[in-house]
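Shown next, in structure tokens, is the structure this report addresses.
In UniProt numbering, the protein residues as written are 1 to 121.
So, in structure tokens, the structure goes:
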């Protein structure tokens with residue numbers, strides 16, 4: 001996995017301990033998301049390219065297992081990434097950027113324009 005930890009630390013005014021705790025929670029959520037076609041975590045498959053955290057806003061760059069993997073699975077993975085991270089305390093916005101897929105533009109548009117799920121009370 002090639003996440004840009006230095007960029008994360010420099011791009012946020014959060015305190016270091018708070019940022020690390022938030023990063024841990026985000027990566028815990030990402031680990032729970034599995035590729036529905038093969039049943040393996042997206043973290044184990046190293047599909048997450050970058051995670052940026054900045055004042056409650058999270059941007060996740062990821063790719064899918066192949067440029068032609070079934071689009072329905074790409075939508076599911078991207079939506080799960082966005083929804084699971086958004087539900088975390090202190091996260092106000094999540095943007096997912098899928099790359100290297102024949103339907104990437106459509107996936108990004110649909111997922112990022114969809115309604116956020118309700119947060120736990």
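Yeah, the Cβ is synthetic: ideal placement off N, Cα and C, and Gly gets one too.
Taking buried to mean at least 16 other C-beta atoms within 10 Å of its own C-beta, is residue 89 buried or exposed?
-> exposed
Three-state secondary structure (DSSP) of residue 76 | Helix, per DSSP.
Output yes or no for whether 7 Å exceeds the beta carbon distance between residue 47 and residue 62.
-> Against a cut-off of 7 Å, the Cβ pair of residue 62 and residue 47 comes out as a contact.
For the UniProt domain "MIP18 family-like" (24-98), list the alpha helix (DSSP H) runs that are entirely contained and at least 4 residues long, ordered along the chain.
-> 71-86
Less than 8 Å between the CB atoms is what I'm expecting for residue 80 and residue 33, so what's the real figure, rounded?
-> Confirmed, about 5 Å.
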